[in-house]
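Contents: one structure, followed by commentary.
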Amino acid sequence: MDYRDIEFLLTGDIDRVGEQTLVDEALPLDCEVLKVAHHGSRSSSSREFLSAVRPQLAVIMCGRNQYGHPHYETLDRLGDVGAAVVRTDRVGTVTVRTDGRCYWMETMRSRAVYAGEPEGMDALQ
231 MDYRDIEFLL TGDIDRVGEQ TLVDEALPLD CEVLKVAHHG SRSSSSREFL
281 SAVRPQLAVI MCGRNQYGHP HYETLDRLGD VGAAVVRTDR VGTVTVRTDG
331 RCYWMETMRS RAVYAGEPEG MDALQ
């Protein structure tokens, strides 16, 4: 989904096979904001996929769970591509808005607003 210069990729529960299909189709996948698939499970967000997507901001929707989501390997892969990671289990509801040039993020717990580049995101986690 895009609006002017800002792209969002909302992956739902896509798995590695689905990610690979997107990469193989040579679609333009790079985005500013990625909604990480399947609560950050180990079976999603492969290195190849994340290298194609190159998100600035990665939002992981998760809560207390028995599956260990988000998985530490997924978090490592996101860090390797330079994505700032925001998790709903830590900051509550995440809202991202855009005017087509910049994007802003607000979280329920921090009420912090973030725009543009990932510097300063550690304070939100």
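Just so you know, the sequence shown maps onto residues 231 to 355 in this note's numbering.
Yeah, the Cβ is synthetic: ideal placement off N, Cα and C, and Gly gets one too.
Bear in mind the structure is a predicted one, so any value in this text is a computation, not a measurement.
- Cβ-Cβ separation between Ala288 and Val315: approximately 5 Å, consistent with a contact (criterion under 8 Å).
- Excluding residues up to 5 positions away in sequence, Tyr233, Ile236 lie with their Cβ nearer than 6 Å to the Cβ of Thr328 in the same chain.
- Exclusion of the five residues before and after Asp310 leaves Arg277, Leu280 as the residues of its chain whose Cβ lies within less than 8 Å of its Cβ.
- Here Pro285 is buried: its Cβ has 16 or more other Cβ atoms, across all protein chains shown, within 10 Å.
- In the three-state DSSP reduction, Val266 falls in the coil class, being neither helix nor strand.
- Listed in chain order, the beta strand (DSSP E) runs fully inside the segment 232-310 are 236-240, 263-265, 287-290, counting runs of at least 3 residues.
- By the neighbour-count criterion, in which 16 or more other beta carbons inside 10 Å mark a residue as buried, Pro258 falls on the exposed side.
- Relative to the Cα of Met231, the nearest Cα in the group Leu308, Val263, Leu305 belongs to Val263.
- Contact annotation, Ile290 with Gly312: C-beta distance approximately 16 Å; criterion of less than 8 Å not satisfied.
- When the alpha-carbon of Ala267 is set against those of Tyr333, Arg320, Thr304, Met338, the nearest one is in Thr304.
- Considering only Cys292, His301, Val321, Leu252, the residue with the shortest C-alpha distance to Arg339 is Val321.
- With fewer than 16 other Cβ atoms inside 10 Å of its own Cβ, Tyr297 counts as exposed.
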